[in-house]
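Asks: Residue numbers (the working numbering): 58 to 776.
Ideal Cβ positions, reconstructed from N, Cα and C, are used throughout, including at glycine.
Predicted model only: the values in this text are computed from it and were never measured.
Structure below; questions to follow.
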């Protein structure tokens, strides 16, 4: 190999012919992009039918609401504005189908793999230290990109819709690096602009992008620039622009640090020291997953290490890796840059700034590239005389990883499947037992839910939300005293809004209005701008008959969160102005309000206006939402009868009284339908039931008397 020359752009390379070098071994380079796309689609296509999970619905809804309410404000204050905007664009292009969101996630992942392919090929073909790989650079790069694209540890960032933040940030990270590497060879100004724009978008996607300017500079310095000063001198405008994008990240950083008490200074359940000491073990676990990605665990609830724990050895190993990486960077070694890639990208989530979840697999999305690249390059060097063996091994790994991804996608089918797997993988995960119990409560499997809450409380007797859910079970069972005891316990441990609402509603239900009022007033004094508390308070005020106070509380809650559908419905319920109420109900429906009360209320208002067809359609929507709600069944049955569909109407009304027998008006109406058909005996029985339920029901009494008179006048054979 000849002595390296310095090109006009300040890069070290092997001479003018390097980028034009071709051999028979590179003629099939086009195969790799095809394999990456086909393999990636094949691995993830079975994830498309999966539904929304966990944080998906609230996050997608929040993104839609924030963008609709104040798009400029979103970009001014949110650290993940561009990712949220991508969900908004996605919704407008593909609708609200989970398959549409997930298809875009797959597309982003494939683009990342293709960018990685181009970066690896470019470095291996142009870097003087990679002369041994130059003839086969496209194939080594292809294996790196293919193995990474099919690496199962990436499945969380693809199959879990809301983790698009990670993959989209990675797209801009890789685009920034690719553009800078291209600037080393061609039009530096054009590619410099691309790099700065990509880096800026990444800073508005996720905070981990903070590492991009540093990592890109180290890549440039090692593979092209040759020295720190030489790299800066050659491309200082680009790096000045990249550094300037940190300002975009800072604009929303302080608001994000305490957002949801999940990261940064808002986290109090773990100290910065305990978090830091835990990361040695976590990083070694990440390294193991990068090499052998099994088993994959959605929710680790990793236990924090403390000064008296077994943190020392893992921390020493990781510290040694950091020192080795530093030495490698100083000495301009490729392995030093890969170690820097690993640690710099993990640093925002594996340092002194605490995050509620100490370990999460999606954080490996970019770092695992370094492990894959190092492993493939080492294998290529060891098998340089037997390339066929290397390709067979790569194919076997790709097929194995594909199978693991396909199997993992099945875990994302629904929340019940995922939580059921987690409690087997991590039996000490109290959150998993609790969340699994919450799902069983929704399915009215109360005994199963209680058993799971027992396990959660065995792990943590002061788990406040578990006590709250236990209270819900007891309330559903009708054990109001036991429910009250659980709600009080949850409220005592943590007077969070959810516990205040549960306790206050039950107190109101058992006519302890003054105590319910006191519980809510104390909570709102401590947190006066909590829109959830205000909405629940407005609902209780409405139930107590104080419409003015209810309206005031609901309007204040809606001012705090202008696109919260449930608050719109509560406010509409309190209003005398039916026009404004109708507008609020309709807006709540548009925002995805999933209770039958809104379309039922719309139907009632439209009936009052004489719009029977519109009312019927509204009641039909209510039936789709809750076909077992007695109120919905009654409205729908009456509307169907009014529309002339007597069979459908009677069927709905009969189902209504099967669920809730205490409805004399409905029994009376069903009786009139049977009387109209000439079945007087059945009609009389129905009228009699209505009178039994309400002896003062004048219409039912009159109808019963007429039915009996007609039956008395009718010969027995005709009956």
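Please tell me whether residue 613 and residue 632 are closer than 8 Å, where the distance is taken between their beta carbons.
Replies: Along the chain shown, one-based indexing puts residue 613 at 556. Along the chain shown, one-based indexing puts residue 632 at 575. No; because the gap between Cβ atoms is not below 8 Å, this pair is not in contact.
Asks: Taking 8 Å as the cut-off, decide whether the C-beta atoms of residue 491 and residue 523 are in contact.
Replies: For the purposes of this step, residue 491 is taken as the residue at position 434 of the chain shown. For the purposes of this step, residue 523 is taken as the residue at position 466 of the chain shown. Cβ atoms of residue 491 and residue 523: closer than 8 Å.
Asks: Closest by CA to residue 769, which one among 272, 738 and 606?
Replies: Counted from its first residue, the chain shown places residue 769 at position 712. For the residues 272, 738 and 606, the minimum Cα distance to residue 769 belongs to 738.
Asks: Excluding the five sequence neighbours on either side, which residues of its own chain have a C-beta within less than 6 Å of the C-beta of residue 513, listed in chain order?
Replies: In the chain shown, residue 513 corresponds to position 456, counting from 1. 487, 490, 491, 520 and 523, listed in sequence order.
Asks: With 16 as the cutoff for other CB atoms within 10 Å, does residue 113 come out buried or exposed?
Replies: Mapped onto the chain shown, residue 113 falls at position 56. The residue is buried, with at least 16 neighbouring Cβ atoms inside 10 Å.
Asks: Taking 7 Å as the line, does the beta carbon of residue 621 fall inside it for any heavy atom of the ligand PLP?
Replies: For the structure depicted, the ligand PLP is absent and the ligand set is empty, with no information on it obtainable.
Asks: Rank 329, 290, 746 and 654 by C-alpha distance to the C-alpha of residue 407 and give the top, closest one.
Replies: On the chain shown, residue 407 is found 350 positions in, with the first residue counted as 1. Per the Cα distances, 329.
Asks: Kindly indicate the opening and closing residues of the alpha helix (DSSP H) around residue 294.
Replies: What you label residue 294 is simply residue 237 of the chain shown in a count that begins at 1. Counting along the chain, the alpha helix (DSSP H) containing residue 294 begins and ends at 285-301.
Asks: Are there 16 or more other CB atoms within 10 angstroms of the CB of residue 442, so buried, or fewer, so exposed?
Replies: As a working note, residue 442 is residue 385 in the chain shown. That one is exposed.
Asks: Below 8 Å on the Cβ atoms is my guess for residue 555 versus residue 404; work out the distance and round it to an integer in Å.
Replies: In the chain shown, counting from the first residue as 1, residue 555 sits at position 498. In the chain shown, counting from the first residue as 1, residue 404 sits at position 347. Not confirmed; about 35 Å, so no contact.
Asks: Out of 261, 306 and 696, which one is the CA nearest neighbour of residue 660?
Replies: By 1-based counting over the chain shown, the position of residue 660 is 603. Among 261, 306 and 696, the Cα nearest to that of residue 660 belongs to 696.
Asks: Is residue 685 buried or exposed, if buried means 16 or more other CB atoms sit within 10 Å of its CB?
Replies: If you number the chain shown from 1, residue 685 lands on position 628. Under this definition residue 685 is an exposed residue.
Asks: Can you check the segment 649-717 for any beta strand (DSSP E) of at least 3 residues that lies completely inside it and give the ranges in chain order?
Replies: Segments of the beta strand (DSSP E) lying fully in the segment 649-717: there are none.
Asks: Specify, as a first and last residue, the run of the alpha helix (DSSP H) that residue 14 falls within.
Replies: Lying before the first or after the last residue shown, residue 14 is absent from the chain, which here runs from 58 to 776.
Asks: Between residue 432 and the rest of its own chain, which residues show a CB-CB distance below 6 Å, the 5 nearest in sequence each way excluded?
Replies: As a first step, residue 432 is located in the chain shown; it is residue number 375 there, counting from the start. Excluding sequence neighbours, residue 432 sits near nothing in its chain.
Asks: Just confirm the distance between the C-beta atoms of residue 255 and residue 288, as a whole number of angstroms; I'd bet it's less than 8 Å.
Replies: Residue mapping note: residue 255 aligns to position 198 of the chain shown, counting from 1. Residue mapping note: residue 288 aligns to position 231 of the chain shown, counting from 1. Actually they do not touch by this definition, with Cβ atoms about 19 Å apart.
Asks: Just the Cα atoms here: how many angstroms apart are residue 392 and residue 382?
Replies: Here the question's residue 392 lines up with position 335 in the chain shown. Here the question's residue 382 lines up with position 325 in the chain shown. Cα to Cα, residue 392 sits roughly 7 Å from residue 382.
Asks: Quick test of your reading: residue 728 and residue 747, contact by CB under 8 Å. State the CB separation rounded to the nearest angstrom.
Replies: Position 671 of the chain shown, counted from the start, is the residue given in the question as residue 728. Position 690 of the chain shown, counted from the start, is the residue given in the question as residue 747. Contact holds; Cβ gap of about 7 Å.
Asks: If we require 3 or more residues per run, which beta strand (DSSP E) segments fall completely within the segment 186-231?
Replies: Entirely contained in the segment 186-231, not one beta strand (DSSP E) run reaches 3 residues.
Asks: Could you have a look at residue 242 and say whether DSSP puts it in helix, strand or coil?
Replies: Here residue 242 refers to the residue found at position 185 of the chain shown. Reduced to three states, the DSSP call for residue 242 is coil.
Asks: What separation, rounded to the nearest whole angstrom, lies between the Cα atoms of residue 348 and residue 357?
Replies: Within the chain shown, numbered from 1, the residue matching residue 348 stands at position 291. Within the chain shown, numbered from 1, the residue matching residue 357 stands at position 300. Residue 348 and residue 357: Cα-Cα distance of roughly 19 Å.
Asks: Near residue 354, what residues of its chain come up, given a Cβ to Cβ distance below 8 Å and the 5 sequence neighbours on each side ignored?
Replies: Within the chain shown, numbered from 1, the residue matching residue 354 stands at position 297. These residues qualify, in order along the chain: 418, 479, 482 and 483.
Asks: Drop a sphere of 10 angstroms on the beta-carbon of residue 531, count the other beta-carbons inside from all chains shown, and report buried for 16 or more, exposed for fewer.
Replies: As a working mapping, residue 531 is identified with position 474 in the chain shown. Answer is buried; the Cβ neighbour count reaches 16.
Asks: Using the three-state DSSP reduction, which class does residue 763 fall into: helix, strand or coil?
Replies: Translated into positions along the chain shown, residue 763 becomes position 706. Three-state result, residue 763: helix.
Asks: Note down the Cα distance separating residue 498 from residue 175, rounded to an integer number of angstroms.
Replies: Your numbering for residue 498 matches position 441 in the chain shown. Your numbering for residue 175 matches position 118 in the chain shown. The alpha-carbon atoms of residue 498 and residue 175 are separated by roughly 50 Å.
Asks: Quick check: the Cα distance between residue 169 and residue 248, rounded to an integer number of angstroms?
Replies: As a first step, residue 169 is located in the chain shown; it is residue number 112 there, counting from the start. As a first step, residue 248 is located in the chain shown; it is residue number 191 there, counting from the start. The straight-line gap from Cα to Cα measures roughly 18 Å.
Asks: State yes or no: is the C-beta of residue 462 within less than 8 Å of the C-beta of residue 212?
Replies: Here residue 462 is taken as the residue at index 405 of the chain shown, counted from 1. Here residue 212 is taken as the residue at index 155 of the chain shown, counted from 1. In contact: residue 462 and residue 212 (Cβ atoms closer than 8 Å).
Asks: Does the distance from the CB of residue 472 to the CB of residue 496 come in under 8 Å?
Replies: Counting from one through the chain shown, the residue named residue 472 turns up at place 415. Counting from one through the chain shown, the residue named residue 496 turns up at place 439. For residue 472 and residue 496, yes; Cβs fall inside 8 Å.
Asks: Please classify residue 80: is it buried, with 16 or more other beta-carbons within 10 angstroms of its beta-carbon, or exposed?
Replies: Here the question's residue 80 lines up with position 23 in the chain shown. In this predicted model, residue 80 has a pLDDT of only 49, less than 50, meaning its place in the structure is not dependable; the value taken from the coordinates is given anyway. Exposed, because fewer than 16 other Cβ atoms sit within 10 Å of the Cβ of residue 80.
Asks: What does the alpha-carbon distance come out to for the pair residue 756 and residue 750?
Replies: What you label residue 756 is simply residue 699 of the chain shown in a count that begins at 1. What you label residue 750 is simply residue 693 of the chain shown in a count that begins at 1. About 13 Å.
Asks: By Cβ distance below 6 Å, which residues in the same chain neighbour residue 589 in space, the five residues on each side in sequence not counted?
Replies: As a first step, residue 589 is located in the chain shown; it is residue number 532 there, counting from the start. So the list reads 554, once near-sequence residues are dropped.
Asks: Which parts of the segment 388-467 are runs of the beta strand (DSSP E), unbroken and 3 residues or longer, counting only runs that do not cross its ends?
Replies: Qualifying beta strand (DSSP E) stretches: none in this window.
Asks: Cα-Cα, which of 735, 166 and 760 is closest to residue 745?
Replies: Here the question's residue 745 lines up with position 688 in the chain shown. Selected option, being the one with the closest Cα: 760.
Asks: Give the secondary structure of residue 108 by DSSP, where H, G and I count as helix, E and B as strand, and everything else as coil.
Replies: Mapped onto the chain shown, residue 108 falls at position 51. Three-state result, residue 108: coil.
Asks: What three-state label does DSSP hand residue 554 in the structure shown?
Replies: What you label residue 554 is simply residue 497 of the chain shown in a count that begins at 1. It is helical.
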